[in-house]
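In the working numbering, the protein residues as written are 3 to 221.
Structural data, given as structure tokens:
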């Protein structure tokens, strides 16, 4: 079995989006594995250590979703290694990858070594949170200084589109053509209208999403 691999990068709800996708796939009877190529918070349930201890396949068979990684002392997990990743790709129907971090901010600029996207990714999703609109980049954008922005610059639709374009899409290399934009936190009609206008200014296709409070607490 060769899995479909999807990598999620950016900010504004990556982890929520990954786990929502995992649950939907599970409801269709799919076996799902979640990993990170950088760091992510260890989930409350479904975690399997990267050394794949005895009984991990039975847990997966029972639950349908596992999160595999090497545990760190700070409550986070990291990449489980190439061998484990390749095994998961052979055994899964769907592998979901978190490819960077955002310090829980709704917007980000990729760092020099980001994102970390597996070569076998079939699709990449680049996220941003519409809640960033109206805030300053110092409040709502991780690594804003890499675009030469001052911390008091207010995030308008135009600036959000620029950050997405220059801070994420332009840095995806050969994966850019496989990338779809997701504008998350489209929680009301006003934000949805903003999102539509922003998508019109981006070089890749996209869509908007919003999640109920229950879904936001999935991991």
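Cβ atoms here follow ideal geometry from the backbone N, Cα and C, with glycine treated the same way. All of these numbers come straight from a predicted model, not from anything done at the bench.
Item	Value
What residue range does the beta strand (DSSP E) around residue 121 cover?	No beta strand (DSSP E) holds residue 121; DSSP gives it neither H nor E.
Sorted by chain position, which residues of the same chain lie with C-beta nearer than 6 Å to residue 199's C-beta, five sequence neighbours on each side aside?	159
Would you mind sorting residue 120 into buried or exposed? The rule is 16 or more other CB atoms within 10 Å of its CB.	buried
The alpha helix (DSSP H) spanning residue 239 covers which residue range?	Limits of the chain in this structure are 3 at one end and 221 at the other, which puts residue 239 out of reach.
Suppose you measure from the CA of residue 57 to the CA of residue 115; what does that come to, to the nearest Å?	35 Å
At the level of alpha carbons, what is the spacing between residue 139 and residue 60?	46 Å
Would the beta-carbon of residue 13 fall within 7 Å of that of residue 123?	no
Measuring alpha carbon to alpha carbon, tell me which of 175, 151, 130, 23 ends up nearest residue 197.	130
In this structure, what does DSSP give as the bridge partners for residue 100?	10, 38
Evaluate residue 102 with the Cβ neighbour count: other Cβ atoms within 10 Å of its Cβ, from every protein chain shown; 16 or more gives buried, anything less gives exposed.	buried
Taking contact to mean 3 or more Cβ pairs, one atom from each stretch, closer than 8 Å, check whether the segment 139-153 and the segment 175-191 are in contact.	no
What separation, rounded to the nearest whole angstrom, lies between the Cα atoms of residue 204 and residue 37?	28 Å
Does residue 74 pass the burial test, meaning 16 or more other C-beta atoms within 10 Å, or should it be called exposed?	exposed
Does the distance from the CB of residue 27 to the CB of residue 90 come in under 7 Å?	no
Classify residue 188: buried if its beta carbon has 16 or more other beta carbons within 10 angstroms, exposed otherwise.	buried
DSSP three-state label for residue 174, please.	coil
If you follow the alpha helix (DSSP H) that residue 86 is in, where does it begin and where does it stop?	84-93
Leaving out the 5 sequence neighbours to the left and right, which residues in its chain are closer than 6 Å to residue 183 when beta-carbon positions are compared?	128, 204, 206, 208
Leaving out the 5 sequence neighbours to the left and right, which residues in its chain are closer than 6 Å to residue 81 when beta-carbon positions are compared?	39
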